[in-house]
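All letters in the sequence shown, in the order written, are residues 20 to 228 by the numbering used here. All residues carry an ideal CB built from backbone N, CA and C; glycine is no exception.
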Amino acid sequence: MNDDQPPPSKTRGLLQKIIGLLQKQNSKQDLRDYLQEAQDNHIIDTEEAAMIAGVLAVSEQRVRNVMLPKSKMVTVCEDMTFEQIISLVIDSGHSRFPVARDDDIIGILLAKDLLGFLRTSTEDFSISKLMRSVYYIPESKPLNVMLHEFRLHRLHMAIVTSEYGDIAGLITIEDVIEEIIGEIDDEHDSEDNEDIKKVGTGKYLVSAL
């Protein structure tokens, strides 16, 4: 046996304690202590300990703690032209956009749904025909519940409302996952990751989606 490795009985004991504590409601600090002990004894590595700690942190946080506030949201207006929306897609690098009507959000527009109009006439273009339905959630919702709803409803984005019913911001499934595993390089972080790029007058380079 490697001298750096703990005895099997000690490993089993610590893991059983961790599993037992995970099933209890008011033992998060005890679990953190056992996680530290497991890490110190090389039962789990630093990355595994950080991920479990991230799961604990998610259960303690609310949507308001990680959401993108309304002031930083990139939205499309329901009366924007196709060219205006394409320019916004290119400039922002995002793939999903809340559709705004005054101070309300009435839908979600996916950049990939615009692709069909790149080869045809845009005379019949209508945001209302393309946008998806909105999933609203209160800013007080726990993050672990939010993650469950994202998975249950196969959602990537939800619009956050304040206690007064106003739009407070938005949250994505990536926002929640990053609280567990750390920063993810995605469409919001890299300017080089563009689904649609303008290469000339009326000409666009489209990446596979």
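### Query
With distances taken from CA atoms, which of Ile192, Val82, Arg115 and Ser78 is nearest Arg170?
Ile192
### Message
Please identify the residue among Asp132, Ile186, Lys131 and Asp194 whose C-alpha is closest to the C-alpha of Asp121.
### Response
Comparing Cα-Cα distances from Asp121 to each of Asp132, Ile186, Lys131 and Asp194, the minimum goes to Ile186.
### Message
Whole angstroms are fine: how far does the CA of Lys131 sit from the CA of Ala57?
### Response
Answer to the nearest angstrom: the Cα atoms are 46 Å apart.
### Message
For a test of the three-state rule: what should DSSP assign to Leu129, helix, strand or coil?
### Response
Leu129 carries a strand assignment under DSSP once its states are collapsed to helix, strand and coil.
### Query
What does DSSP give as the partner residues of Val95 in its beta bridges?
Val118
#### Entry: Cβ separation of Glu198 and Gln48, assumed to be a contact under 8 Å, to the nearest whole Å
With a contact defined as Cβ atoms closer than 8 Å, Glu198 and Gln48 miss out at about 19 Å.
### Assigned exposure category for Asp194 - 16 Cβ within 10 Å defines buried
Burial call: buried.
### Message
Let me check understanding here. Comparing Cα to Cα, which of Phe101, Gly201 and Ala69 lies closest to Glu142?
### Response
Closest option to Glu142, Cα to Cα, is Phe101.
### Message
Assuming the contact rule is C-beta atoms closer than 8 Å, Val77 and Leu166 should be a hit. Round their C-beta distance to whole Å, please.
### Response
The beta-carbon separation of Val77 and Leu166, rounded to 7 Å, stays under the 8 Å limit for a contact.
### Task
Grab the span of the alpha helix (DSSP H) containing Leu162 for me, first residue to last.
Leu162 to His172
### Message
Measuring only the C-alpha atoms, how far is Val108 from Ser114?
### Response
7 Å
### Task
Might you give, ordered along the chain, the residues of its own chain that have their beta carbon closer than 6 Å to the beta carbon of Asn45, omitting 5 neighbours on each side?
Because Asn45 sits at a pLDDT of 49, beneath the cut-off of 50, its placement in the model cannot be relied upon, and the following sentence gives the value as read from the coordinates. Within the same chain, Asn45 has no close Cβ partners at all.
#### Entry: Residues bridged to Tyr154 [DSSP beta-bridge criterion]
According to DSSP, which records beta bridges pairwise, Tyr154 is partnered with nothing at all.
### Query
So who's on the other strand from Leu87, going by DSSP bridges?
Answer is Leu189, bridged to Leu87.
### Residue(s) in a DSSP beta bridge with Ile178
Tyr155 and Leu189
### Message
Between which residues of its own chain and Met86 is the CB-CB distance below 8 Å, once the five residues before and five after are set aside?
### Response
Glu158, Val179, Ala187, Gly188, Leu189, Ile190 and Asp194
### Query
Between the Cα of Pro161 and the Cα atoms of Arg83, Val93, Ile71 and Glu66, which residue gives the shortest distance?
If we check each option's Cα against that of Pro161, Arg83 comes out closest.
### Query
Which one or two residues does DSSP pair with Ile124 in a beta bridge?
Ala119
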